[in-house]
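Chain order of the listed sequences is A and B. The opening position of the first sequence corresponds to residue 44 in our numbering, with each subsequent residue numbered one higher. The opening position of the second sequence corresponds to residue 296 in our numbering, with each subsequent residue numbered one higher. Virtual Cβ for every residue (Gly too), placed ideally from N, Cα, C. The structure under discussion appears below in the form of structure tokens.
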Amino acid sequence: MTAETASFFFHPAAFFAVGAAGAALLPRGIHRWLLPAMAVLAFLVMVAISQGEGGANLHLYWLGLDLNLARVDRLSIIFAHIFALQAILGCIYAMHLKDRWQHVASMGYMGGAFLCVFAGDYLTLFIGWELMSVASTLLIWFRRRRESTAAGFRYFLVHTLGGLALLAGIMLRYQATGNFDFNPVDPTALQLYDWLILLGFAVNAAVVPLHAWLPDAYPEATVTGAVFMSAFTTKTAVYVLARAFAGVEILGILGVVMCLWGVFYATMENNARRILSYHIVSQVGYMVAGIGIGTAMTVNGACAHAYAHILYKGLLFMGAGCLLHAAGTANLNQLGGLARRLPLVFLLYMAAAVSISGMPFFNGFISKTMTIAGAAESHHTWLALGMEIAAVGTFLSVGIKLPYFAFFAKPDSEMHLEPIPVNMYVAMLGGALLCLVTGLFPNLLYSLLPFPMHGHVEAYTPFVTALHHVEFHPYELFNILQAFTLLGFTGLGFYLLRNVLTPHAQRNMDFEWFYVLIGKAFSLLVSRPAAWIDGIWSEVYRTLGLPGLKLGAKGASAFDVAAIDGVVDGAAKAVGATGRLAARLQTGDLQHYAALATALALGIAACLWWLG
Amino acid sequence: MAWDEMQNSLGSWFARQRTKAALWKRAFFVALGVLMAGSFVLKPAHPHFGYDSLPGFWAVFGLGVAVIMALVLKQFVAKCIGRREDYYDR
């Protein structure tokens, strides 16, 4: 391993590997403190390197491959910075957990995210990518409910398919270019392999119509797992899109579709955590749109929004997690009247709710407005308008509907509430303060942006336009008035139609309905011919195989007498063990077969692409 | 414990405010009036859509979008795509 660097760097994934090992092996009294400590160390490294201009590279030569484990530049630093910060808050929020395997999974998950953010080549990226996919599936399964097992399985299936598209793209790209370098792509000359890689990234960014895994699975994750997942999967995808695909026009349009799609579904939704999940789709839409429009200002806006979003969305999921932890449900129709009993949860939740809604003095205001202004100033008027509509819907659902029906709406609640551990409050307080501080002092965040407003830094990509037009001042008097007016009159709309907006217990069909349909069609397609071949094979076996086997058995028994018993016994034991393993694999669950078959088929297809 | 006391007094403060709903409602409408008046005074330096330099544009926009979204989505779309909650778990 060689470090080609003048400045200091230590890979933060190492801290999370230590954390994972500690959570698995050490007693709870130690590892519950070890995990936040590791996150703090990771954050200190990020603070140290964000002082420099980046430029560090950490090369690992392995199996004849040149892997760059640490490309450190302004784009990777801003994402790693907020990842580390949120890791601290998430670890504090999870300190009361008695299930150590949840800690192991979340540590592995965050380590994977850091691997991705610093990856300079596609192989390192792919390893981090798959690590995140597996670990996050565990964060769903560890809730240990029947619904979460099923949802986790659907989640894993979608991410496996996305990962395979990414892998196919990486292999094809290697065949065409002879390297694994993870670099910006010319948006006017996208090749088939670029589209495949983009498809893999788009699955994790929850780009409509590939988004349905997110609102399907996140509400089924563990209370603390959902807090971690809300921060890392989609934002890692935003990072890789910004790295490779800035300026790809279609992302601008798809991003705004995401903004609106998420908001529309959240308006109809009843489960608090599913409302928040749909708002991840919506908020990531702002980032994807900013990347697709591809001016320096909108890419800056996307990064700033990712930073702000991780803070307030983590806090929102912490608040909804408190409801689930205390009341045992996150369904709004079963909650209500909780302001008397959980006033601090309400207050801290509201800090995040006004942040996501873009209320001045909170961090959503300084990031969302940058993307919208950038879109409007580069004459993407319709896209900017779509984002304004989504901003209204955001306040309507997350800012008013969710808290109103959870904390008010009914007389003071008498329902049984589990006590909320103090560490959960501490993490939420930290999140709320950070939302406010970054909102009040935007330069804390703006100084980390990939295209700085002051001073010259070489652009990480040649495909971003309007490089010198990045100056942005959110706190102009008109902007503040506009934001408050928009929120105030959205509130009036809610007040007039609060009876219409009352949530109902129902599941709203989204694109997962099509996924399930495709899955069923696929299994039908596979099982019918398979059954036919099986039928023929049984016939052949009965007529030819059995007599042959009998003949063979006679010969074998003759040989057995002469053979050394020990050898045969050993072989028999091995066969028996293999049989047991195979029996364990054959669970008889159709879903498992479909998944294995799909994974195998796509793996073979990927190999064929690679070879051909 | 000081922590519980703090939570409790904050909680009862919220409970008291719920009895003063009429007062909060009046304050809300006054605030909306002030914002509306403000839009006659302040103009955007760089209007994004043209119409947004008109006074009251963002008030109409916010109210209009909220009302249309609520009516179309909850009254129509939700009734078309709604299924049982355990639709995928049966």
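Who are the near neighbours of residue i in its chain, counting only those whose CB is closer than 8 Å to its CB and skipping five residues on each side?
| i | result |
| --- | --- |
| P394 (chain B) | Here chain B comprises residues numbered 296 to 385, so residue 394 (chain B) is not present and cannot be evaluated. |
| K356 (chain A) | S273, A274, L319, H322, I323, Q326, A395, I399 |
| W238 (chain A) | G212 |
| F169 (chain A) | G206, L209, L210, I213 |
Going by CA-CA distance only, name the one from the options that's closest to residue i.
| i | options | result |
| --- | --- | --- |
| M552 (chain A) | B:D384, B:D381, B:G377 | B:G377 |
| Q676 (chain A) | A:L112, A:V160, A:I125, A:T180 | The requested residue 676 (chain A) is not part of the displayed model; chain A covers only 44 to 655. |
| A208 (chain A) | A:I183, A:N247, A:A178, A:I73 | A:N247 |
| G171 (chain A) | A:A427, A:W238, A:R71, A:F59 | A:F59 |
| F288 (chain A) | A:G243, A:P446, A:S490, A:R117 | A:G243 |
| A219 (chain A) | A:A349, A:L235, A:G205, A:L204 | A:L235 |
| H348 (chain A) | A:L69, A:I293, A:L492 | A:L492 |
| N117 (chain A) | A:V177, A:Y489, A:L560 | Reading off the sequence, residue 117 (chain A) comes out as Arg, not Asn. With distances taken between Cα atoms, R117 (chain A) lies closest to A:Y489. |
| M311 (chain A) | B:A297, B:K374, B:G359 | B:K374 |
| D384 (chain B) | A:A156, A:L140, A:A193 | A:A193 |
| V228 (chain A) | A:E420, A:A596, A:Y503, A:L592 | A:Y503 |
| L378 (chain A) | A:P446, A:A564, A:H423, A:A57 | A:P446 |
Is the beta carbon of residue j closer than 7 Å to that of residue i?
| i | j | result |
| --- | --- | --- |
| I131 (chain A) | A82 (chain A) | yes |
| A309 (chain A) | S440 (chain A) | yes |
| G531 (chain A) | A361 (chain B) | no |
| P546 (chain A) | L375 (chain A) | yes |
| M150 (chain A) | A63 (chain A) | yes |
| A365 (chain B) | V543 (chain A) | yes |
| G333 (chain B) | T533 (chain A) | no |
| P31 (chain A) | V291 (chain A) | Lying before the first or after the last residue shown, residue 31 (chain A) is absent from chain A, which here runs from 44 to 655. |
| Y165 (chain A) | I183 (chain A) | no |
| I523 (chain A) | A418 (chain A) | no |
| C365 (chain A) | I463 (chain A) | yes |
| T528 (chain A) | A354 (chain B) | yes |
| A113 (chain A) | F53 (chain A) | no |
| A249 (chain A) | T277 (chain A) | yes |
| D345 (chain A) | G333 (chain A) | A small fix is needed here, since residue 345 (chain A) is Ala in this sequence, not Asp. A contact, by the Cβ cut-off of 7 Å. |
| E461 (chain A) | A369 (chain A) | yes |
| A255 (chain A) | E501 (chain A) | no |
| A433 (chain A) | L284 (chain A) | no |
Compute the beta-carbon to beta-carbon distance between residue i and residue j, rounded to the nearest angstrom, for a pair I have assumed lies under 8 Å.
| i | j | result |
| --- | --- | --- |
| M361 (chain A) | V270 (chain A) | 6 Å |
| M301 (chain A) | V331 (chain A) | 6 Å |
| A262 (chain A) | N314 (chain A) | The amino acid at residue 262 (chain A) is misidentified as Ala; the sequence shows Pro. The pair is a contact, with the Cβ atoms about 5 Å apart (cut-off 8 Å). |
| L305 (chain B) | L520 (chain A) | Going by Cβ atoms, the distance from L305 (chain B) to L520 (chain A) rounds to 33 Å, so no, they are not a contact pair. |
| F515 (chain A) | A373 (chain A) | Not confirmed; about 37 Å, so no contact. |
| Y558 (chain A) | V61 (chain A) | Not really, about 38 Å apart at Cβ, beyond 8 Å. |
| I240 (chain A) | V469 (chain A) | Wrong, their Cβ atoms sit about 40 Å apart, outside the cutoff. |
| L385 (chain A) | C478 (chain A) | Not a contact, Cβ separation roughly 19 Å. |
| A351 (chain A) | S410 (chain A) | 4 Å |
| T203 (chain A) | L110 (chain A) | Not a contact, Cβ separation roughly 23 Å. |
| M153 (chain A) | A123 (chain A) | No, M153 (chain A) and A123 (chain A) are not in contact; Cβ-Cβ is about 11 Å, not under 8 Å. |
| V507 (chain A) | M496 (chain A) | About 15 Å; that fails the 8 Å criterion. |
Between residue i and the rest of its own chain, which residues show a CB-CB distance below 6 Å, the 5 nearest in sequence each way excluded?
| i | result |
| --- | --- |
| S119 (chain A) | V160, F161 |
| R317 (chain A) | P258, P262 |
| F450 (chain A) | L381, A382, F389 |
| D455 (chain A) | G380, R383 |
| L77 (chain A) | G65 |
| M665 (chain A) | Here chain A has residues from 44 to 655 only, and residue 665 (chain A) is not among them. |
| T657 (chain A) | Because chain A spans 44 through 655 in this model, residue 657 (chain A) falls outside it and cannot be assessed. |
Residue i: beta carbon under 6 Å from a heavy atom of the ligand FMN?
| i | result |
| --- | --- |
| N522 (chain A) | The ligand FMN is not part of the structure shown, which contains no ligands of any sort. |
Which residues in the same chain as residue i place their Cβ atom closer than 7 Å to its Cβ, once the five residues preceding and following it in sequence are excluded?
| i | result |
| --- | --- |
| F185 (chain A) | D142, W144, Q145, A148, T265, G268 |
| L657 (chain A) | Given a span of 44 to 655 for chain A in the structure shown, any question on residue 657 (chain A) remains unanswerable. |
| D381 (chain B) | none |
| L483 (chain A) | F404 |
| F352 (chain B) | Y346 |
Using a Cβ cut-off of 7 Å, pull out every chain C residue sitting near residue i, in sequence order please.
| i | result |
| --- | --- |
| V325 (chain B) | The displayed structure is made up of protein chains A and B, and chain C is not among them. |
Chain A contacts from the stretch 358 to 370 of chain B (Cβ-Cβ distance under 7 Å): L358, V360, A361, V362, M364, A365, L366, L368, K369, Q370
Contact list for the stretch 168 to 191 of chain A against chain B, Cβ threshold 9 Å: R189, E190
Residues, ordered as in the chain, of the stretch 391 to 419 of chain A that lie near chain B by beta-carbon distance below 9 Å: I415, A416, A418, A419
Residues, ordered as in the chain, of the stretch 335 to 346 of chain B that lie near chain A by beta-carbon distance below 8 Å: L337, K338, P339, A340, H341, H343, F344
Interface positions of the stretch 218 to 239 of chain A facing chain B (Cβ-Cβ less than 8 Å), listed along the chain: none
Under 8 Å (Cβ pairs) to chain B, residues found in the stretch 420 to 448 of chain A: E420, T424, A427, L428, E431, I432, V435, G436, L439
Residues in the stretch 54 to 86 of chain A having any Cβ partner in chain B nearer than 7 Å: none
Proximal residues, the stretch 335 to 353 of chain A versus chain B, C-beta separation under 7 Å: none
Residues of the stretch 287 to 321 of chain A with Cβ closer than 7 Å to any Cβ of chain B, in chain order: F307, T310, M311
Against chain B: residues of the stretch 547 to 563 of chain A by CB proximity under 9 Å: H547, A548, Q549, R550, N551, M552, D553, E555, W556, V559
The stretch 526 to 539 of chain A: positions lying closer than 9 Å to chain B by Cβ: A526, F527, T528, L529, L530, G531, F532, T533, G534, L535, G536, F537, Y538, L539
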